[in-house]
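Chemist: Below: one structure in structure tokens.
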């Protein structure tokens, strides 16, 4: 016999009783301090195999990388934050470079990057 899920009221609405409301900083690590923007002129001199990410995904390929692993990239600015024509978060894997138009989020033992990816892409955001 299946048990009925019990809910509780929280600041974000009703959630299952066993869930907890957490802030993003409690369940992830922000690595924005490691971002390094490169101008188109600089990237032209660095053509290579590693993806160079901006707010809406890969915008170039260069011969160096900053990150090596699996990370969540979230658009920091761009028209898409208002129009919602594209997803604002993407999962980047392997070796890559990120400019200053995408937030870089690493997981910690308290989260799953795929969950954050789906959650962030379903919430309606507006740029301020």
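In our numbering, the protein residues as written are 24 to 151.
Beta carbons are placed, not taken as given, at the ideal position from N, Cα and C, and that holds for glycine.
Where does residue 109 fall in DSSP's three states?
Modeler: coil
Chemist: Using CA coordinates, which residue listed in 112, 138, 116 and 136 is at the minimum distance from residue 126?
Modeler: Residue 126 has its Cα closest to that of 112, out of 112, 138, 116 and 136.
Chemist: Roughly how far, in whole angstroms, is the beta-carbon of residue 82 from the beta-carbon of residue 75, given that I think they are within contact range, below 8 Å?
Modeler: 6 Å
Chemist: Here's the rule: buried if 16 or more other CB atoms are within 10 angstroms of the residue's CB, otherwise exposed. What is residue 94?
Modeler: buried
Chemist: For residue 149, name the three-state secondary structure that DSSP assigns.
Modeler: With a pLDDT of only 48 at residue 149, under the threshold of 50, the placement of this residue in the model should not be trusted; the figure read from the coordinates follows. Three-state result, residue 149: coil.
Chemist: Taking the alpha-carbon positions, what's the residue 97 to residue 44 distance?
Modeler: Each residue's alpha carbon lies about 21 Å from the other.
Chemist: Can you give me the C-alpha to C-alpha distance between residue 64 and residue 92, rounded to a whole angstrom?
Modeler: 27 Å
Chemist: So, at 6 Å on beta carbons, what are the nonlocal neighbours of residue 139 in its own chain, with the 5 sequence-adjacent residues on each side left out?
Modeler: Cβ neighbours of residue 139 beyond the five flanking positions: 95.
Chemist: Find the nearest neighbour of residue 128 within the set 79, 85, 50 and 88, judged by alpha-carbon distance.
Modeler: 50
Chemist: How many angstroms separate the CA atom of residue 29 from the CA atom of residue 41?
Modeler: 8 Å
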